[in-house]
Amino acid sequence: MDVNRIAAIVLRQYYLMRGNLSRVLSPVVWVTIDILLWGFITKYLNTVTSAGFNFVPALLGAVLLWDFFSRVMHGVTMAFLEDVWSRNFLNIFASPLSISEYLSGLVLTAIATSSVGLIVMLVLATTIFGLAFFAYGLMLVPFLFVLFLFGIALGIVGCTVVLRLGPASEWFVWPIPALISPFAGVFYPISTLPQWMQYLSYVLPPSYVFEGMRTIVWGGAVSGPRLLGGGCLAVFYILLAYWFFLHTYQHAFRTGLIARYSAESMS
Amino acid sequence: MKQSLQSPAMTRSKVLSVMELRKVYGDTVAVDGISFDVGSNEIVGLLGPNGAGKTTTINMILGVLAPTSGTIHIEDVNIATDRCRALERTNFAAVYAPLPGNLSVYQNLRIFGLLYGVKGLSERIEVLLKHFDLATFRDVKCGVLSSGEQTRVGLTKALLNDPRLLLLDEPTASLDPATARDVRTKIRRFAAQGAGGVLWTSHNMYEVQEVCDRVLFLSHGKILLEGDPKTLPREHGKETLEELFITVAREPLALELG
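Sequence lines, in order, name chains W and G.
Each residue of the first sequence is one higher than the one before, starting from 90 at the first, in the working numbering.
Each residue of the second sequence is one higher than the one before, starting from 807 at the first, in the working numbering.
What follows is the structure, encoded as structure tokens:
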């Protein structure tokens, strides 16, 4: 892999963000709204429920982690969609850039954009609502890591869907986190779900994170092997997503779809 | 009268070698087993009516479309087995592939310079900006440039890596006559001075006659004719290259059998 070519993909996103403030503000504004909304809900719940249980780490912490996951996923797909919207496929794929370099560039971009969102959320949640995020202890690191890996995997899947079905299919991609959230047990224990939904939860890495988070909130100890299992699942999904993208790219390469993304007609 | 494909390029070092290239979509044969070369310092025109297979051929050479069969070598590098190395020595400009309009001229050139591994990139960008009279548009977003200016930016990007093989798909289509002549001069200079060769498509037969050392006439995915654009029309009983083009487009069988 060539570092310069990966840097070119990251640099493109940097130029875009620097040139248009809305690209920076958009993710910041949405996470701010989420944290404020859920922050006040948790404050209200703390006043109307029996004393002794603090909703802040259970609900606001869950919102924060879930938003981080969504930002990672959208960070990958947004960077890809910039090439779709500017009809840049032919220029990009006719260059010496390899698929692994291209995806690496998208992932690095997602790291940068999701980190900005995470910092904003942490500042708001801790300063305004008193979320003691580090109450999760060292487990915070694997929590974020598992969510990050799964966000990357789903981001690559989102890119693949758009590559295969065309630019209009981006509307299938945006709601993916919302579709997953009921199964991932973001706000409630997995045991709340009917059995058939629980089977799906077991194959979703975020469910291990949110179960672990609630265990800590209730004063228990997180099962290391279970969380490790969630991490391994996330790695497996990244490999699967990469294979899926590569397979779809090969299909586009055989059928001429790459060229048609730019050229309206082929003669 | 399909002519011999042995060409003057055989005496030069080859920058492009296409062998038995074929592309089939279902029952449709888009490119039907064509073979040709482009030599260094040579400008080859790829001509033919719409649907003849020109862009399909160019897309396969650019590595964005898989051939059904056949091979493509850029210099001695097989694009099927060593794609990155082959594309490092190639570049292209096409009216249907403008650079992203939401980035400035300089930003686009910097990004593509990195993608193509250009050494001394900053200096190279400045030289080319002056060469194509784009220095004043350095920090202007490509999307607000006129179509002619965008075409010049595309050509600047195409020359960034000083490619061995330069593919130009109707490079002067949106240019005024004066700028088009200027671009033709620059491309001729590129071919004459360096070690690169050019594959050029155009529907402007005057331009082809002026620029190309050799032309290939494509019809229904096959090369029907090949030769010097200045002498080819008379060899086939036509006054001009445009007349010959129209015959190829309307009555390709007459030429094949003739």
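Virtual Cβ for every residue (Gly too), placed ideally from N, Cα, C.
Are residue i and residue j close, meaning C-beta to C-beta below 8 angstroms?
{"i": "G/Leu-1022", "j": "G/Leu-868", "result": "no"}
{"i": "W/Leu-236", "j": "W/Pro-295", "result": "yes"}
{"i": "G/Leu-966", "j": "G/Leu-934", "result": "yes"}
{"i": "G/Leu-971", "j": "G/Leu-853", "result": "no"}
{"i": "W/Thr-166", "j": "W/Gly-247", "result": "yes"}
{"i": "G/Ala-836", "j": "G/Thr-862", "result": "yes"}
{"i": "W/Tyr-338", "j": "W/Ile-188", "result": "yes"}
{"i": "W/Pro-266", "j": "W/Ser-159", "result": "yes"}
{"i": "G/Leu-927", "j": "G/Arg-916", "result": "yes"}
{"i": "G/Ala-979", "j": "G/Glu-848", "result": "no"}
{"i": "W/Ile-208", "j": "W/Tyr-331", "result": "no"}
{"i": "W/Phe-182", "j": "G/Val-901", "result": "no"}
{"i": "G/Pro-1039", "j": "G/Glu-1032", "result": "no"}
{"i": "W/Ile-327", "j": "W/Ala-199", "result": "no"}
{"i": "W/Trp-155", "j": "W/Ser-270", "result": "yes"}
{"i": "W/Val-145", "j": "W/Leu-220", "result": "yes"}
{"i": "G/Ala-899", "j": "G/Gly-954", "result": "no"}
{"i": "W/Glu-190", "j": "W/Arg-94", "result": "yes"}
Does at least one heavy atom of the ligand ZN sit under 7 angstroms from the Cβ of residue i?
{"i": "W/Tyr-191", "result": "With respect to small molecules bound, the structure shown includes none, and the ligand ZN cannot be examined in it."}
So, with DSSP's three-state summary, where would you put residue i?
{"i": "W/Ser-312", "result": "coil"}
{"i": "G/Lys-1044", "result": "coil"}
{"i": "G/Glu-881", "result": "coil"}
{"i": "G/Val-1004", "result": "strand"}
{"i": "G/Tyr-831", "result": "strand"}
{"i": "G/Gly-839", "result": "strand"}
{"i": "W/Lys-132", "result": "helix"}
{"i": "G/Glu-826", "result": "strand"}
{"i": "G/Lys-1036", "result": "coil"}
{"i": "G/Gly-907", "result": "coil"}
{"i": "G/Ser-875", "result": "strand"}
{"i": "G/Lys-947", "result": "strand"}
{"i": "G/Lys-925", "result": "coil"}
{"i": "W/Cys-172", "result": "Per the sequence presented here, residue 172 of chain W reads as Asp, with Cys not at that position. Helix."}
{"i": "G/Ser-952", "result": "coil"}
{"i": "W/Tyr-338", "result": "helix"}
{"i": "G/His-1009", "result": "coil"}
{"i": "W/Trp-307", "result": "coil"}
{"i": "G/Asn-914", "result": "helix"}
{"i": "G/Pro-969", "result": "coil"}
{"i": "W/Asp-91", "result": "coil"}
{"i": "W/Pro-294", "result": "helix"}
{"i": "W/Pro-266", "result": "helix"}
{"i": "W/Ala-214", "result": "helix"}
{"i": "G/Thr-1053", "result": "helix"}
{"i": "G/Thr-957", "result": "helix"}
Decide if residue i is buried, meaning its Cβ has at least 16 other Cβ atoms within 10 Å, or exposed.
{"i": "G/Glu-1041", "result": "exposed"}
{"i": "W/Asn-180", "result": "buried"}
{"i": "W/Ala-224", "result": "exposed"}
{"i": "G/Pro-983", "result": "exposed"}
{"i": "G/Arg-1020", "result": "buried"}
{"i": "G/Glu-1013", "result": "buried"}
{"i": "G/Lys-963", "result": "buried"}
{"i": "G/Asp-833", "result": "exposed"}
{"i": "G/Trp-1006", "result": "buried"}
{"i": "W/Met-286", "result": "exposed"}
{"i": "W/Cys-359", "result": "There is no way to answer for residue 359 of chain W, as the model of chain W reaches only from 90 to 356."}
{"i": "W/Phe-129", "result": "exposed"}
{"i": "W/Ser-203", "result": "buried"}
{"i": "G/Asn-914", "result": "buried"}
{"i": "G/Val-824", "result": "buried"}
From the options, pick the residue whose C-alpha is nearest to that of residue i; which is it?
{"i": "G/Leu-822", "options": "G/Leu-1024, G/Thr-1007, G/Gly-1003", "result": "G/Gly-1003"}
{"i": "W/Thr-304", "options": "W/Glu-190, W/Ala-348, W/Pro-264, W/Gly-226", "result": "W/Gly-226"}
{"i": "W/Tyr-367", "options": "G/Thr-887, G/Val-911, G/Ala-1055, G/Glu-826", "result": "Residue numbering for chain W in the displayed model covers 90 to 356; residue 367 of chain W lies beyond these limits and cannot be assessed."}
{"i": "G/Asn-897", "options": "G/Asn-884, G/Phe-918, G/Gly-907, G/Ile-878", "result": "G/Phe-918"}
{"i": "G/Pro-977", "options": "G/Ser-1008, G/Gln-999, G/Cys-948, G/Lys-947", "result": "G/Ser-1008"}
{"i": "W/Leu-335", "options": "W/Val-250, W/Leu-211, W/Ile-124", "result": "W/Val-250"}
{"i": "G/Val-830", "options": "G/Asn-914, G/Gly-1027, G/Ser-819", "result": "G/Gly-1027"}
{"i": "W/Met-106", "options": "W/Tyr-133, W/Phe-333, W/Glu-171, W/Val-137", "result": "W/Glu-171"}
{"i": "W/Phe-342", "options": "G/Thr-874, G/Ile-931, G/Val-959, G/Asp-1034", "result": "G/Thr-874"}
{"i": "W/Val-275", "options": "W/Phe-157, W/Trp-119, W/Thr-136", "result": "W/Phe-157"}
{"i": "W/Ala-147", "options": "W/Val-161, W/Tyr-291, W/Thr-131, W/Asp-91", "result": "W/Thr-131"}
{"i": "W/Ile-98", "options": "W/Asn-109, W/Thr-136, W/Leu-195, W/Val-161", "result": "W/Leu-195"}
{"i": "W/Met-210", "options": "W/His-163, W/Val-120, W/Pro-231", "result": "W/Val-120"}
Residue i bridges to which residues according to DSSP?
{"i": "W/Ala-273", "result": "None, per the DSSP bridge assignment."}
{"i": "G/Ala-899", "result": "G/Leu-974"}
{"i": "G/Phe-1023", "result": "G/Leu-853, G/Leu-1031"}
{"i": "W/Arg-253", "result": "Answer is none; W/Arg-253 lacks a bridge partner."}
{"i": "G/Lys-820", "result": "G/Gly-845"}
Taking 8 angstroms as the CB-CB limit, is residue i close to chain B?
{"i": "W/Ile-188", "result": "In summary, chain B is missing from the structure at hand, where the protein chains are W and G."}
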